[in-house]
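Under my numbering, the letters of the sequence shown match residues 43 to 319, in that order.
Each remark here refers to the structure printed beneath this line.
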Amino acid sequence: MEESVARTIYVFGELTKMEVAINTAITKSKVPTNEIRHLLKSLNKYQAERTPLFQYISYLFRDIGLGELKCHEFSPYRIVVGVYNSRVPGLFSEVRGRTCYITADALKMFFEKDMDILTEVKELKCVNEGHDHCEFEINMDPLDVLKFIVEKGDIEYMKKLKNGEKGTIDELRKLILEKYGLIKGDELTILGKKYLDIEPVREMDEIHRPWKKLSEISEVTASANSFAEAFSKTIEEEEVKDIDESKIINVVEEVENSRSFAELVAKVMNKEVKDDE
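Next up, the structure:
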């Protein structure tokens, strides 16, 4: 009985430390638009894994104890990552099943609070199911993703296609617009036409790359042994900026548009896959 209580207290303490470290790191990790755009415009999992942003997330995961992050799949609106050598499954070693909710929450928080992209994160595999790693599926809100993907020059090009004109654009940007289902060849898709009705473009910002302060973030997460300690340390060392969630709120308020847009994305992307088969 005493062993069981001691084990429960230990697990609770370890999870609390991780949660505090995650929250502290995310508070200091707002990501600039151009770095998010760089990741999302990757053409495959290998490019995605080599981007500074993915490398930074991997560093944070290792530093906190969540494990080593690898990109297993990269496709429009969906990323699958593997997590290796994580401490989390070991905390629930007596459980046979998926136990890494804290890792899923960390991924969701990073995408939503530091990248402004609404996500649904699902654990697909777990070490406690007998696998050698854990695996997570990150499904991103299509409208939030396209705000980063589409630039002003792309909008002008798409408008010309809509009007039946011959537009010009460099091949890489054209490939990315096709990859995300907005155009096909020299024609605008149904999804592209719908997007032009909304026409949101994420403006560049002046946010500094968070990996410039890696040592500072590591020091804070390492010493955050309790919520009170982490909270007071953050307040003393740096005034914490409130996370701007206005864009997320706007999407929620316009749920009708967002929902229909997401459904349209799914239909168009499925059709594109079938056409290519």
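Glycine residues also receive a C-beta, built at the ideal position from the N, C-alpha and C atoms.
Note that the structure is predicted; figures quoted are calculated from it, not measured.
Check, Outcome
"What do you get for residue 54, buried or exposed, if any count of 16 or more other CB atoms within 10 angstroms of its CB means buried?", "exposed"
"Once you ignore the five residues that flank residue 222 on each side, which residues in its own chain have a CB closer than 7 angstroms to its CB?", "118, 188, 191"
"Inspect the CB distances between the stretch 125–142 and the stretch 151–160 and report whether three or more fall short of 8 angstroms.", "no"
"Determine which residues share a DSSP beta bridge with residue 207 and list them.", "Paired residues: none, contrary to the question."
"So, is residue 170 buried or exposed, given that buried needs 16 or more other C-beta atoms within 10 angstroms?", "buried"
"With a cut-off of 8 angstroms, do at least 3 Cβ pairs link the stretch 94–109 to the stretch 124–141?", "yes"
"One question on the structure: do residue 133 and residue 198 come within less than 7 angstroms of each other, judged by their Cβ atoms?", "no"
"Are the CB atoms of residue 83 and residue 113 nearer to each other than 7 angstroms?", "no"
"From 208, 181, 214, pick the residue whose C-alpha is nearest to that of residue 228; which is it?", "208"
"Roughly how many angstroms lie between the CA atoms of residue 243 and residue 50, to the nearest whole one?", "48 angstroms"
"Could you check whether residue 146 and residue 165 sit closer than 7 angstroms to each other, using their CB atoms as the reference points?", "yes"
"Rounded to whole angstroms, what's the CA-CA distance from residue 121 to residue 186? Just pull it up for me.", "15 angstroms"
"CA-CA distance, residue 97 and residue 195?", "29 angstroms"
"Cutting at 6 angstroms between CB atoms, please list the residues of its own chain near residue 102, excluding the five before and the five after it.", "67"
"Which residue from 168, 183, 60 puts its Cα closest to that of residue 176?", "168"
"Who are the near neighbours of residue 91 in its chain, counting only those whose CB is closer than 6 angstroms to its CB and skipping five residues on each side?", "113"
"Using three-state DSSP, classify residue 120 as helix, strand or coil.", "strand"
"Less than 6 angstroms between the CB of residue 158 and some heavy atom of the ligand FMN, yes or no?", "What this structure holds is no ligand at all, so the ligand FMN is not there to describe."
"How many Å lie between residue 219 and residue 71 at the Cα?", "28 angstroms"
"What is the C-beta distance between residue 233 and residue 200, in whole angstroms, given that I count them as a contact (C-beta under 8 angstroms)?", "That pair is no contact at about 11 angstroms."
"Thinking C-beta only, is residue 69 closer than 7 angstroms to residue 81?", "no"
"Under the assumption that residue 95 contacts residue 130 (Cβ atoms under 8 angstroms), give the Cβ distance between them as a whole number of angstroms.", "In fact, because the Cβ distance is near 23 angstroms, the residues do not count as touching under 8 angstroms."
"Taking only the alpha-carbon atoms, compute the straight-line gap between residue 172 and residue 137 and give it to the nearest angstrom.", "11 angstroms"
"Alpha carbon to alpha carbon, how far is residue 104 from residue 203?", "46 angstroms"
"Starting from residue 179, trace the alpha helix (DSSP H) in both directions and tell me its first and last residue.", "Premise fails: residue 179 lies in the beta strand (DSSP E), 176–182, not in any alpha helix (DSSP H)."
"In chain order, what residues of the same chain have a beta carbon less than 8 angstroms from the beta carbon of residue 225, not counting five sequence neighbours either side?", "200, 203, 216, 219, 231, 234"
"Count the other C-beta atoms from every protein chain shown that fall within 10 angstroms of the C-beta of residue 47, then say buried if there are 16 or more, exposed otherwise.", "exposed"
"In the DSSP assignment, find the alpha helix (DSSP H) that holds residue 235 and state where it starts and stops.", "232–240"
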